[in-house]
Each structure stands twice: as structure tokens, then as C-alpha cells.
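In the working numbering, the protein residues as written are 290 to 649.
Pasting the structure below:
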């Protein structure tokens, strides 16, 4: 073999090694682990995380996979924040208001009483500065947070007795957690938090007088319509947004194209969960209406709403006192709500009011 042939062979070998190395780097597979607050096969909520993981794997052609561990596996349904922060899990699927005891300003990114509906809230997240504020809250804790699926407006709860006045709320024991529980406490309710698996028994045995869960699709499965006659319309969570969390170091380790695939999949799964919720709630409400004539839909009287609005403002003020970041988040939400609700009133609301009048 002459020198020219040897040089050509050496050049080809070097080129082959370079392209093999480049190809291997391009095809590197990233395997992430996600911890969710929900149990295995939890309807709607769990569907959102599963749909997101499936989209990611398909869009990345297998380069990015996500293994989902439900609460029965990691044993810490309300420990997802800490596990993702520490890197024990790469990602999490939960709800931001669960972490208000650890980081109070996480409260505002799920849903607020008397706040935005799902359509308005998404507009705030993606076009009104909400995402930037949420990242400002989460980044110091080594995480990023993204909208993770919306239930739409949640129902106000199941009551064994009709609520006709503020007096009827005094001392009433109700399962209603979070910020809404604190608002209700201001008007005389005794809020308690009970695991979902114990709710039916607690209501049946009069351990509690009322409870709030989600809406028809999930409430029907738990059987509340069998033991409570009054189903109240919502006020406390008009647009309950779940969240996808990802460890910041893990996010930064992903190539730019996989970051974008993950971002698109999370956003799509979030929207899909709302459409699934609307469909499932409509189907479940049709079943309740037909099979349980005992159930009567009620709306709280005006004096109760007026008291709760005042209580909401008081508790908000207490939460944001000496909290500049919290004040900015609240101000951003309130100013955006005022702007977008003006349009909602002459569009969606006006249309629905017209249809209600025509249906009478």
C-alpha cells in the first residue's frame, strides 16, 4: 500500500470515527422520572401526565422518555415539591397551591377565589406575564413550573343541609383545604382536610357536614350524590390549574430541541385536560341528573357571597403583607382580570345570557 492510499485510508477512518461520534451524540437518549401526586390510573389528572409523556416520546422519536411514578410507588403525594427540588425525581405533576406552607407565593398559580376562569387564566399565563412570575417564584428552589392541566370551574361542594344564610355556616364542618378553607373560616365554617379515600365515610357518618372535591366527573365516582342532596355552584376555584415541575439542572441538561418538545407536550397536555374535563363533567352530570333526582343544584345566597368576597380580600391582604413578590403577583392577576373580564362580559357571558333567555 503506497503512502497516498495509506493517507486516504487514515482520513476515511478518522472521518468515520467523527461521524459515528456525532451520530451517537445526536441519538443520545434521555430518561427522566416523574413523580405525581395522584394514585395509579387516576382519571383526568393522571391522564394529563401520561398523555404528556407519550407525546414527548413520539415527538422525540424515542430520544426522551419519561417514567411516571404514582403516589403508591413513591409514597409521598404531597412531597413532590421536595423530591423534584432535590433531584430525587426529575419532574413532578401536582398542584402549586399544595406548597403554600413551604413557599407561600406558590399559592397563586393554581386558582384563586373569585378569580379568572380557565380561558382568562391561560391568557394571563402565556400572554399577560403569569409564566414569568411563576418562574420567578420557582427558580430559587431549583425548579421550573409549567401549567399542567385545568379542571375548569370546580363545584362549590356537597351539603347534607341547604344553606340559606350566613347563620347556617356557623360551626359547619367542611372538608375544604387551602386558601378557600381560610376564606370560609372567616365566615364561620370549620374547615378540615381529609384524604380523598375517607371523604365518603366522613360525610356518611356525619364526621363532616359538607365537602368540596372537584366536579361531577370525579365526584360521581366517589358516590357523594348518594348521601348529600345539595350540590352548590363554585366560587373558590374557577380555573384549577395543575402543574408540571422540572428540576432546573435537568432542564438545562437537555438539548434545545428536546426542551422545546417537552414544552410543547406539557402545553398540549394541559389544554387537552381541560377539554377532557368538560366532556367528562358533562357526561357525569347527565348521569347524576337522571339517576339521582334527590340532587338539587344550589347557589349560595347573596349575603354569603358578599361576606366571602370581604373575607377573601382580608386573607389576601394578610398573605401579601410584607411580601413584595406576592403583592406583585396579586396585582398582576387583578389587573389582568379586570381587563380580560371586560371582554368576557361582552362576548362569552353575553352569549350565554342570551342562550339562557332563549331556552326559558
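Positions of the beta carbon are idealized from the N, C-alpha and C atoms, including for glycine. These figures come from a predicted structure and were not determined experimentally.
Residues of the same chain with a CB within less than 6 Å of the CB of residue 372, apart from the 5 flanking positions on each side, are 324, 378 in chain order.
Secondary structure of residue 480 (DSSP, three-state): strand.
Per DSSP, the unbroken alpha helix (DSSP H) holding residue 617 starts and ends at 613-635. Residue 498 and residue 481 have their C-alpha atoms roughly 11 Å apart. Residue 413 and residue 494 have their C-alpha atoms roughly 42 Å apart. In this structure, the alpha-carbon of residue 442 lies about 11 Å from that of residue 505. The three-state secondary structure of residue 645, taken from DSSP, is helix. In this structure, the CA atom of residue 471 is about 33 Å from the CA atom of residue 557. Here residue 644 is exposed, its C-beta having fewer than 16 other C-beta atoms within 10 Å. Per DSSP, residue 578 is one residue of the alpha helix (DSSP H) stretching across 545-580.
Residue burial annotation: residue 391 is exposed, with fewer than 16 other C-beta atoms found within 10 angstroms of its C-beta. Annotated three-state conformation of residue 520 is strand, per DSSP.
Inter-segment contact for the segment 629-644 and the segment 396-413 is present: three or more beta-carbon pairs are separated by less than 8 Å. Of all alpha-carbon atoms in 348, 478, 451, the one lying nearest the alpha-carbon of residue 461 is that of 478. Here residue 594 is not near residue 438, since their CB atoms are 8 Å or more apart.
Counting only residues of its own chain and dropping the five nearest sequence neighbours on each side, residue 616 has a CB closer than 6 Å to the CB of 609. Around the beta carbon of residue 488, 16 or more other beta carbons sit within 10 angstroms, so the residue counts as buried. Buried is the label assigned to residue 530, since at least 16 other Cβ atoms lie within 10 Å of its Cβ. The beta carbon of residue 596 sits closer than 7 Å to the beta carbons of 455, 476 from its chain, once the five residues preceding and following it are set aside; these are given in chain order.
Under the Cβ criterion (8 Å, minimum of three pairs), the segment 361-372 does not count as touching the segment 570-582. For secondary structure counted as the alpha helix (DSSP H) over 4 or more consecutive residues, the segment 386-448 holds these complete runs in sequence order: 407-416, 419-427. By the C-beta density criterion, residue 326 is buried, having at least 16 other C-beta atoms within 10 angstroms.
With fewer than 16 other Cβ atoms from the protein chains shown falling within 10 Å of its own Cβ, residue 541 counts as exposed. Annotated three-state conformation of residue 375 is helix, per DSSP. Annotated three-state conformation of residue 537 is helix, per DSSP.
For residue 560, the closest C-alpha among the options 528, 433, 535, 328 is that of 528. Between residue 422 and residue 621 a beta carbon distance of about 6 Å is seen, short of the 8 Å cut, so the two are scored as contacting. Taking the C-beta atoms as reference points, residue 467 is found nearer than 8 Å to residue 386. The beta carbons of residue 605 and residue 618 sit no closer together than 8 Å.
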